[in-house]
Every structure is written in C-alpha cells, then in structure tokens.
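Chains as they are written, first to last, in the numbering used here: chain A, 137 to 624; chain B, 137 to 624.
Think of the CB as a built atom: it goes at the ideal place given N, C-alpha and C, for glycine as much as any other residue.
What follows is a short report on a single structure.
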C-alpha cells in the first residue's frame with residue numbers, strides 16, 4: 137500500500153550556517169524585538185554523522201523585484217565625480233546627499249566597503265596553514281586576486297597588529313610551531329588611487345582599510361567601562377581600552393610588530409601625502425573598516441587629523457561599535473574629521489558597548505551634561521533596514537545582520553529612509569551569502585558558499601593529498617613593507 | 137610596557153567539524169567508556185560572526201611512524217589473486233585470513249570499501265541544488281570523477297530508493313519545487329569487474345555498493361523492537377522495519393521508484409549473472425555498504441541468495457548495524473551467504489539496535505534459546521581499534537568513529553588483533569579528514585577538507601556568481617537505467 141508521501145517524509149530544520157547561529161523568530165516576522173532567540177542546533181546524532189546540509193523553504197512566496205539580468209554588469213558605471221568629490225568626501229557633512237542617497241555617494245560607499253571586505257576575503261583563517269592570520273596574497277596582487285582590479289586603487293603597504301590586552305578570541309593563529317608569526321595578524325592595508333581613479337574623483341585618495349575580527353560583543357561584556365585616556369594631551373578624551381590596545385601595541389620580540397599598527401599606518405599615510413603634495417596634487421584620506429575595523433578607523437582618523445590638520449580626513453565605517461566618550465567625539469569634530477557610519481538597524485554591534493547603559497542615559501545627558509564615562513557615537517549615520525530588501529530572510533540572524541556583504545547589499549538598494557529597495561540595484565545579490573545564510577531560499581544561493589576547493593589540498597600524481605606551498609610572492613615578510621607605487 | 141604574550145593571548149577551543157560534533161573526553165584518553173560527553177559548541181557570539189576555523193594543538197607529541205613518502209603510490213600493487221579468490225571471497229569463512237589479516241584480503245576489503253565510499257563522495261548533498269539527493273555524475277564517469285578509474289570496475293546501473301516508513305532525516309531533498317525527484321534518493325550502484333580485473337581475481341565479480349545515510353542511532357531510539365517478517369515464507373525470519381522499508385518501498389507516483397531498490401538491484405544482478413554465465417564465466421556477487429548501506433547489503437544478499445542458490449554471495453560491510461533476528465542470521469548461514477563485518481570497536485552504530493538490550497541478553501540466550509525478538513549480528517567480525525593508529529586523535533568523536541574513511545585507514549594499518557599499526561600502510565592518511573577531524577593536528581591536515589570550490593558557484597564574465605547547469609550526461613534520468621557494459 138502506498139501511503140501518502142507528504143505525511144511520512146521528515147524534513148530537516150533550517151541549515152546551520154557554518155560557524156554562525158541562525159536564530160529564528162518563531163512567529164512574527166515583523167517584530168524582531170524582543171526576539172524569541174530559538175537557536176537551531178542539530179540535536180541528534182543522526183543529523184551529524186554525515187555532512188549533509190539540509191534546509192526547508194520557509195513556505196512564503198514573495199514578489200522579488202525584476203529578476204537581475206545575468207549578463208548585466210554587477211557594478212555601477214564609473215562616472216566623473218570630480219565636481220562633487222569634496223562633498224562626497226563629507227566636507228559639508230554629506231548635507232543633502234544622504235536622504236535620499238545620492239547615486240554618486242552610494243557608489244563611493246560601496247567602493248570603500250568592498251575594500252574593507254577585501255580584508256576578510258584576503259585573510260587566511262585556516263589554523264592548519266602556517267600562514268594563518270596573514271594575507272593570502274602579496275600586496276601587489278591582492279585586489280586583482282579578489283576581483284577588485286576595477287577598484288582603481290593600488291595597495292602600497294600592509295598593516296599588522298598585535299595586542300597586549302587579553303582580548304577574547306582576537307588573534308587568529310596557526311597550529312604550526314614554525315608559523316610565520318605567533319603574535320601578529322594582518323590587519324589591513326593602505327592603498328592609493330591610481331591616475332585614472334584620481335582623475336575621475338578629482339583628488340589623490342589615500343585609503344586605509346582596516347580588518348575587523350570578531351564582533352566585539354564578548355569584548356564589551358568583559359571590558360565595558362574600561363575607557364582609557366588617549367594620551368594625546370587632551371586628558372578628557374577617552375577611548376576603549378581593547379581597541380586602543382590593538383591599534384598601539386608593539387614588541388621588539390615580534391617580527392611584524394616592532395612598530396605598532398598605528399606607527400605603520402601613520403608612517404605610510406605621511407609618506408604618501410608628502411609625496412603627492414610635492415607633485416602638486418590634492419590629497420584626501422579616507423579610512424574604512426567594518427566592525428572592529430570601523431573602531432580602528434576612527435582611532436586612525438583621530439591620529440591622522442592631529443598630525444596633519446590640513447588634510448581632509450573621512451571615515452566610512454560599517455557596523456562599527458562605539459569607540460570613545462563624548463570628548464573623543466567632540467575632539468574629532470573640532471579637528472574636522474568627517475564620519476559616516478553605515479549602520480544596519482538590526483545589527484547589535486553598533487549598539488556596543490553599553491547597549492542599555494548608553495541608550496538609557498541619552499535623556500539624562502541634557503541634565504547632567506557630557507558624561508566622560510559614557511561611550512558616544514560620532515558623526516552621521518546612514519541607517520539601513522534589513523527588512524527593506526526583498527531578497528533577505530525575515531528571521532533573526534544576529535551574525536547575518538552584522539555581515540559586511542549584507543551591509544553592502546542594503547546600501548546598494550537604499551533610496552531613502554522612507555522608501556523601499558531600489559529596483560535598479562547593481563551588486564550581485566549572491567554575494568550576501570558568501571559567508572552568511574541571509575538570502576531567501578527562493579534565490580537558490582547556498583549559504584556560506586565562499587570556500588576554497590578542498591581547503592587548498594590538492595592531489596598529487598601519486599594519489600596523495602597535500603597542501604601546495606604558498607607562492608613566493610604571497611609569503612608574508614616583514615621586509616616586504618617597502619612602499620610603492622609612488623616612490624620610484 | 138610589553139606584557140608577556142603567552143599569558144595574554146586567548147586561544148579558541150577545538151574546531152567544530154562541519155556538521156559533526158566533536159565530543160571530547162576531558163581527562164583520560166584511555167577510558168572512553170563511560171565518556172564524558174562534553175560537547176564543544178561555540179558558545180559566544182564572537183566565535184560566530186566570522187568564518188574562522190580555529191584550533192589548538194592538544195599539546196602531546198607522539199612518535200608518528202616513518203613519514204609517508206610523498207611520492208610513494210597511495211595504493212597497494214595489483215597482484216594476481218586468482219588462486220585464492222574463492223577464499224578471499226569467504227568460501228571458507230575467511231579461515232586463517234583474518235588474524236593476521238592476509239595482505240590480499242586487506243587489499244580487497246579496501247577496494248570494496250572505496251566503492252562504498254564512492255556512494256558518499258558522488259552524492260549531491262546540497263539542498264540548494266535541484267539535483268540534491270542524486271548522484272553528481274552519470275554512471276559512465278562516476279568512478280573516474282572520484283579518482284577510482286584504477287578500481288577495475290564499471291558501473292552498470294544506478295539504484296534508487298524511497299521509503300514509506302516515516303524515518304527520521306533519511307531523505308535528502310532539494311528546496312527546489314521542480315527538483316529532479318522529491319521522493320527518491322540515489323542509493324548506490326551495481327558494477328562489474330572489467331576483463332583485466334576479472335582476470336586478476338579469477339572471476340567476474342558483480343558488486344553492489346549501497347549508500348548509507350544517517351547513522352541509524354535516532355532511528356533505533358524510535359523503532360527498536362519493530363522487527364517485521366521478511367515475507368519470504370520463513371515466518372520466523374524478521375528484520376528491522378525501517379531498513380526493509382528503504383529496500384522495498386515503491387510507488388507508481390514517483391519517477392525513480394516505480395520499482396523498489398530491491399527490484400532494481402535484483403533485476404540487474406540477474407541480468408549480469410545470466411549474461412556472464414552464458415559466456416562460460418565464473419561469477420561472484422559481492423555486496424558492500426557502510427552504516428545503513430551495510431544493512432541494505434545484508435537484505436540484498438538474503439534476497440540474492442534466495443533467488444540464485446548457486447551464486448557465491450558475500451557481504452563486506454563497514455560499521456553496519458544489526459538487521460534482523462537470529463532466524464535471519466541462521467537462514468543467511470543456511471543459504472551460504474558469507475558476511476564479513478568490519479567494525480571499529482569504538483563505533484556505536486554496530487551496537488544498534490538495542491545497545492544494552494542485546495548485550496545483556498547474550499548470556500541468557502543459552503538458557504532461553506534463540507529469541508525471535510532480539511536483533512542479532514551475522515557472520516564474522518574484523519574488529520578494528522581507533523587506538524591502534526598513531527595518526528588519530530585520542531578523544532571521543534562519535535561521528536569520527538563511524539566515518540568510513542577512518543575505517544579504511546584502520547583496515548590499511550591492521551596486522552592482527554594483538555599487533556599495532558603496520559608501518560607499511562599504503563593509503564593516504566589525509567583521506568581520514570575528508571569529512572572528519574580525526575587526524576592528529578601534528579599532521580596539519582585540515583578537518584573536513586573535502587569540499588567544492590564556492591559550493592559550485594562560479595563568477596561569470598559580468599561579475600555575477602551563479603551555479604552552472606549540470607552537464608547533460610550527469611543529469612539523472614529514470615530512462616538512463618539501460619544497462620551495459622555487457623549488453624552490446
């Protein structure tokens with residue numbers, strides 16, 4: 137007898153994204169707050185004993201926007217924005233450019249965001265690699281390897297960081313005893329616009345892209361309140377102890393951090409600015425980063441503006457936490473540092489540290505005056521809403537909400553705060569799922585698809601699997617920091 | 137001030153193998169029973185927000201055997217075993233071949249095990265693929281695609297299965313509404329030795345390789361005691377309801393199971409046996425499978441021996457559970473079916489169903505006689521011990537102990553029950569970590585490394601990531617079941 141199939145076939149729960157929790161709101165999709173944090177973890181052995189991903193569609197059908205044409209370029213055209221560049225760089229606090237979002241500004245935000253994303257895509261996360269914690273590629277071909285040749289930038293140096301502060305799970309380390317480094321991680325790069333790009337934007341643009349690591353949630357659970365003076369003579373200016381530790385730590389005993397990240401990046405910025413100014417060019421500095429990288433960007437901007445008061449300095453950060461107290465913000469403003477914080481409303485990280493503490497004190501502040509011991513945000517916010525995109529799932533996904541590719545997708549679709557996703561979005565939607573499972577199942581893009589074949593293992597002629605040696609030009613070296621492209 | 141680094145750097149817990157639990161015994165490595173089941177799950181958000189694998193070495197150093205030479209072939213040489221084949225096939229119950237393990241038998245066990253492994257490596261586990269649950273490759277190139285061209289076998293047909301029994305998480309299904317099938321899964325294949333291999337072993341060897349799916353742990357928690365008569369006229373013979381369901385279910389409403397797996401496989405075996413016997417050849421039937429596949433192999437052997445009493449029928453199973461009652465075992469013995477069960481001592485699956493129940497009754501049996509309602513193992517056991525291999529971790533890893541590649545590694549190193557791992561092992565040790573994290577960190581092989589680049593997504597010329605269509609010859613079709621290679 138044939139029983140009806142529909143009643144006899146069990147289905148798996150939603151897939152567990154690799155190394156991320158999918159937390160689903162069980163009922164309402166419109167009320168993410170307070171979320172019902174039901175964590176789907178495979179609870180039985182049988183789910184685990186073979187490597188099957190499993191999923192079920194969430195049952196709803198949606199009207200997705202006009203399907204993306206497969207042969208439409210996934211990028212906005214490069215337009216000459218030199219007439220507006222100072223404004224796009226924030227000179228007038230992005231007045232009348234943010235809401236609705238000016239298409240030229242949108243393109244630039246995405247450009248910087250993709251440079252920040254490159255610090256993840258180029259990072260060796262594999263603890264079984266002797267180069268774990270370094271960049272996978274040498275600086276001369278990083279952008280090319282990551283498909284960013286069209287960015288119009290050339291990487292001039294890499295930045296390494298270490299930390300003396302006992303941070304939770306900050307450093308990625310190789311299991312190899314003879315690893316390239318046991319104390320330092322690749323933390324980003326300094327790049328400079330090439331001639332064509334400089335001409336297009338009307339300025340020689342020096343960019344620093346800072347890598348984030350973990351979301352600093354755990355960090356702040358531990359260190360909240362550990363505000364520390366910056367030590368620049370402004371005693372009221374205080375910033376988060378842990379961030380400052382990453383930015384300023386150094387040790388003679390290390391190979392890559394005999395100088396701190398701060399010293400490395402500042403030396404290179406100064407060198408580039410001097411070089412191009414000597415050639416009579418206008419120079420701007422744009423610092424970008426996601427998550428922890430956004431926090432480092434702010435510290436970096438503070439230092440650069442202090443050192444070079446006449447240099448236009450902007451920060452474009454994504455999902456960045458608070459960094460310092462109100463005095464820190466005031467001082468940044470005095471120094472004319474322009475900060476555009478791109479923030480997804482559902483992301484918890486920008487609410488750190490002091491998610492309740494700070495919010496609760498907002499009203500008190502008028503009464504009590506500026507509180508030196510409260511973390512404060514800086515600059516302008518470009519607020520994004522996960523619910524604006526018809527491509528994204530409606531459940532609660534704490535990791536997904538913080539994902540940089542999801543940020544870039546939402547910027548791409550953003551028109552204005554009271555307007556839906558623009559139908560003329562350009563970026564490839566599939567990118568959202570590179571390292572998340574945010575995309576709706578209907579799109580048929582697997583979650584967390586960005587992965588290397590066989591984790592880099594290759595089968596040799598004798599049938600043995602091994603990891604080929606890294607190519608010489610991609611092997612990190614503390615001496616490879618000699619700068620170009622402008623030194624010749 | 138430079139603080140000592142060693143005290144300030146936190147390390148991650150052991151990596152979570154993708155979709156598998158690593159369960160570590162916290163203290164003693166010699167006392168896996170009762171294990172302290174401490175499940176390492178990343179407990180904090182910070183572990184989850186980026187895709188870093190992390191690991192720490194377990195601190196011990198071991199003397200690994202003479203390092204494998206990278207350019208030594210990873211396979212045993214092919215020797216002419218025709219003089220001994222009937223014995224290797226089990227004619228005399230593998231008398232004097234098992235302990236110590238005869239090298240020719242070892243090679244054959246591994247040969248069959250690799251064909252069983254092909255049913256995993258060739259399976260489309262991706263629910264985002266419209267072909268999820270099918271074989272990734274057409275039967276003409278399955279073995280070639282999986283690096284098994286040297287096996288000496290040609291696949292003659294694929295076998296599909298469905299089930300009317302409500303099994304937990306048995307079926308892998310696509311999320312696509314228009315998937316290739318919503319009821320059936322590719323469940324294995326029938327293959328036959330080519331002329332060269334037949335000459336080498338002295339016999340035309342028909343092989344059935346059955347795919348396992350989940351470890352049937354959960355299954356047996358639910359269905360223990362559901363023994364069901366086989367329905368072959370021997371009313372005392374009973375087998376597990378769920379296994380029989382997979383083996384015999386069919387439905388006119390399906391595309392791939394208008395006939396059951398049983399009917400598909402039996403028709404092909406009969407056809408091949410008839411064909412080769414007509415040509416005056418000796419024919420043998422060897423049925424292999426891992427886990428659930430080992431259970432199906434036994435049902436298949438029972439049916440084949442019933443239908444063709446004069447055909448030598450052997451089963452080589454890996455980590456297979458119990459299938460039926462004692463009468464089932466007796467009947468198999470009467471029909472001269474030879475069963476070699478390869479069993480890792482630490483694997484729980486072969487203890488299923490009735491892990492406590494059956495063991496407790498062993499002594500009672502002599503008193504109470506054969507109990508019709510107790511599951512019973514069949515045939516001879518080749519017992520392996522995870523602790524015999526110096527390459528494997530010493531913790532408790534329930535999934536790893538059941539992993540087929542770990543089984544094959546242990547067979548490769550097995551000399552005899554009271555002797556250590558042979559130093560002349562041949563297989564590539566790295567294979568153990570294809571879908572597990574069993575290898576010691578010192579070997580520097582990443583866990584679960586067997587993965588497709590970008591989950592099959594590819595970037596087109598316009599910068600868009602998409603999954604290319606499956607090649608025509610790899611698309612499953614219910615009409616592609618027409619047999620060869622011997623029909624022409």
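Would you kindly work out how many angstroms separate the C-alpha atoms of residue i and residue j, rounded to a whole number?
i: residue 218/A; j: residue 316/B; result: 53 Å
i: residue 480/B; j: residue 529/B; result: 15 Å
i: residue 425/A; j: residue 347/A; result: 6 Å
i: residue 626/B; j: residue 310/A; result: Residue 626/B falls outside the range modelled here, since chain B spans only 137 to 624, and no answer is possible.
i: residue 608/B; j: residue 272/B; result: 11 Å
i: residue 214/B; j: residue 306/B; result: 37 Å
i: residue 181/A; j: residue 487/B; result: The predicted model places residue 181/A with a pLDDT of 24, which falls under 50 and marks its position as unreliable, so this point remains unresolved.
i: residue 583/B; j: residue 586/A; result: 17 Å
i: residue 387/A; j: residue 325/A; result: 20 Å
i: residue 556/A; j: residue 532/A; result: 20 Å
i: residue 364/A; j: residue 375/A; result: 5 Å
i: residue 398/B; j: residue 436/B; result: 7 Å
i: residue 208/A; j: residue 597/B; result: 10 Å
i: residue 589/B; j: residue 568/B; result: 20 Å
i: residue 264/A; j: residue 253/A; result: 23 Å
i: residue 513/A; j: residue 308/A; result: 28 Å
i: residue 416/A; j: residue 227/A; result: 21 Å
i: residue 334/B; j: residue 614/A; result: 60 Å
i: residue 300/B; j: residue 321/B; result: 13 Å
i: residue 605/A; j: residue 261/A; result: 16 Å
i: residue 579/A; j: residue 454/A; result: 25 Å
Just grab the DSSP bridge partners of residue i for me.
i: residue 262/A; result: Bridge partners of residue 262/A: none, in fact.
i: residue 453/A; result: 425/A and 477/A
i: residue 532/B; result: DSSP lists no partner for residue 532/B.
i: residue 376/A; result: 363/A
i: residue 340/A; result: 419/A
i: residue 328/B; result: 290/B and 342/B
i: residue 573/A; result: According to DSSP, which records beta bridges pairwise, residue 573/A is partnered with nothing at all.
i: residue 595/B; result: 601/B
i: residue 401/A; result: Residue 401/A pairs with nothing; no bridge assigned.
i: residue 271/B; result: 259/B
i: residue 515/A; result: According to DSSP, which records beta bridges pairwise, residue 515/A is partnered with nothing at all.
For residue i versus residue j, is the C-beta spacing smaller than 7 Å?
i: residue 434/B; j: residue 451/B; result: yes
i: residue 456/A; j: residue 405/A; result: no
i: residue 537/B; j: residue 565/B; result: no
i: residue 442/A; j: residue 236/A; result: no
i: residue 291/B; j: residue 323/B; result: no
i: residue 319/A; j: residue 395/A; result: no
i: residue 329/B; j: residue 562/B; result: no
i: residue 234/B; j: residue 257/B; result: no
i: residue 592/B; j: residue 210/A; result: no
i: residue 511/B; j: residue 458/B; result: yes
i: residue 427/B; j: residue 485/B; result: yes
i: residue 343/B; j: residue 408/B; result: no
i: residue 522/B; j: residue 464/B; result: no
Which whole-angstrom value is the C-beta distance of residue i and residue j, which I expect to be below 8 Å?
i: residue 337/B; j: residue 544/B; result: About 19 Å; that fails the 8 Å criterion.
i: residue 518/B; j: residue 478/B; result: 5 Å
i: residue 250/A; j: residue 287/A; result: 7 Å
i: residue 419/B; j: residue 412/B; result: 5 Å
i: residue 475/B; j: residue 516/B; result: 7 Å
Mind pulling the chain C residues with CB within less than 7 Å of residue i?
i: residue 231/A; result: Protein chains A and B are contained in the structure displayed, whereas chain C is not.
(message) For the stretch 281-300 of chain A, list every residue whose C-beta sits within 9 Å of some C-beta in chain B, in sequence order.
(response) 283, 286, 298, 299 and 300
(request) Select from the stretch 255-266 of chain B all residues with a C-beta closer than 9 Å to any C-beta belonging to chain A, and list them in chain order. (result) 256, 259, 261, 262, 263, 264, 265 and 266
(message) Can you pull out the residues from the stretch 580-610 of chain A whose beta carbon lies closer than 9 Å to at least one beta carbon of chain B?
(response) 580, 581, 582, 583, 584, 585, 586, 587, 588, 589, 590, 591, 592, 593, 595, 596, 597, 598, 599, 600, 601, 602 and 603
(request) Identify each residue in the stretch 523-543 of chain B for which the Cβ-Cβ distance to at least one residue of chain A is less than 7 Å, and report them in chain order. (result) 534, 535 and 538
(message) At a CB distance below 7 Å, what residues from the stretch 231-253 of chain A approach chain B? Give them in sequence order.
(response) none
(request) Give the residues from the stretch 208-220 of chain B that approach chain A closer than 8 Å (Cβ to any Cβ), ordered along the chain. (result) 208, 209, 210 and 211
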